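In terms of my numbering, the sequence shown opens at residue 1 and continues consecutively.
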Amino acid sequence: MTVFLWLFWGWEKSVMAHKRYFIEIQQNHGPGALSVNATPVEQPQKTVTASGIIFTVLTCLISLSGCQDNQSANPRITAEQGDAQAQNNLGIMYAVGDGVEQDFTLALQWFRKAAEQGYAEAQNNLGVSYRDGKGVEQDYVQAVEWFRQAAEQNLAKAQFNLGIMYANGNGVKKDYTQAVEWFRKAARQGNVEAQTYLGICYRDGMGIEKDLPQATEWIRKAARQNLPIAQHNLGFMYATGNGVQQDYAQAVKWYRKAAEHGNAEAQNNLAMCYLTGKGVKQDLTQAAEWFRKAAEHNLVSAQYNLGFLYAEGEGVKQDLTEAAKWYRRAAEQGHDPSRQALEKLEKRP
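Quick look at the structure:
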């Protein structure tokens, strides 16, 4: 699945310089070695770098679908009579296994019946099916076609999904300008994911002229609606003073909100705040706790950080076996600093 992945390419060098045991890491791996180097959450995340944005789909099939209560009890009868809304609802039931055995192929069949009647929700769901290869071979071109049909009917979810396809260049030539256009249409209808991505595009000048006040406005709007990715982004803006006056206490506030919703990057960054005493009283035990939560979400940087705390006995009882475990998990995902740390650990007497 995919939402907009977020950017975090490292805290400033001074964040860790005050601790003796951070110096070697910074020299070997750079100032971002103990922070989030980039990524979103929940699923396996793609890396985002300073050279551009990687967008992923956050929203799942059911959240995109639009099942109506007045037909949810038994839509099969009306679906078989050709009612498009009932056909879409029945497709959702098969997609999520609600009252029937989960069957993506049957879900696709019912979505298609409704989509071919011009029902926008079903067109969007059919697009999701093609995008994710659920019940059909993955086909980004078909996904774009169905997203576009629904988007042109002003369905905000489809507009957002179409924007993601343009941003990633999936099924269509990559075009950030088009992505921004569709994000804006959806954002103006209140789609919180689109508001976040539109804000990030403004912040980083992707497909539109850089405009930090606009970036802050859109990201804050989504953050106040409790979207974790937006909360994390807003926290990062406060931490770096990008678009707002630098305020670590505000950074901690928004990181915490996102972290408590399970956002791994926010959990890692909140841990960094506890570790360094930025915006909150220094508390190494809390730092270890939040690093652990993020590490258990498979966030590489958090796995590395937790391994380091175990290796040094900071915030946790020193345990080289645990340190090796977390270094190894990160190294297995291609994290070179963790691989090097593991090698050094194994050479300890």
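Note that the Cβ used here is the ideal one computed from N, Cα and C, for glycine as well. Everything numeric in this text was worked out from a predicted model, so none of it was measured.
| Query | Result |
| --- | --- |
| Through-space distance from residue 345 to residue 236, alpha-carbon basis | 32 Å |
| Cβ-based neighbour list, residue 260, same chain, cut-off 7 Å, excluding 5 preceding and 5 following | none |
| C-alpha distance - residue 239 paired with residue 199, whole-angstrom precision | 17 Å |
| Helix, strand or coil at residue 195 [DSSP, three-state] | helix |
| Nearest-angstrom Cβ-Cβ length linking residue 177 and residue 230, presumed shorter than 8 Å | Wrong, their Cβ atoms sit about 22 Å apart, outside the cutoff. |
| For residue 136, three-class secondary structure by DSSP | coil |
| Residue 348 burial status per 10 Å Cβ neighbour count (16 or more: buried) | exposed |
| Collapsed DSSP secondary structure at residue 336 in the structure displayed | helix |
| Alpha helix (DSSP H) segments (min. 4 residues) lying fully within the region 242-327 | 248-260, 264-276, 284-296, 300-312 |
| Alpha-carbon to alpha-carbon, residue 157 and residue 268 | 30 Å |
| Reduced DSSP secondary structure (H/G/I, E/B, other) of residue 92 | helix |
| Cα-Cα separation, residue 293 to residue 301 | 12 Å |
| Neighbour-count burial assignment, residue 8, 16 or more Cβ in a 10 Å radius | For residue 8, the pLDDT reaches just 32, beneath the cut-off of 50, and the residue's location in the model is therefore unreliable, leaving the point undetermined. |
| Simplified DSSP assignment, three categories, for residue 77 | helix |
| Contact check, residue 123 vs residue 150, beta carbons under 9 Å | yes |
| Simplified DSSP state of residue 411, which is helix, strand or coil | Here the chain covers residues 1 to 349 and nothing more, so residue 411 does not appear. |
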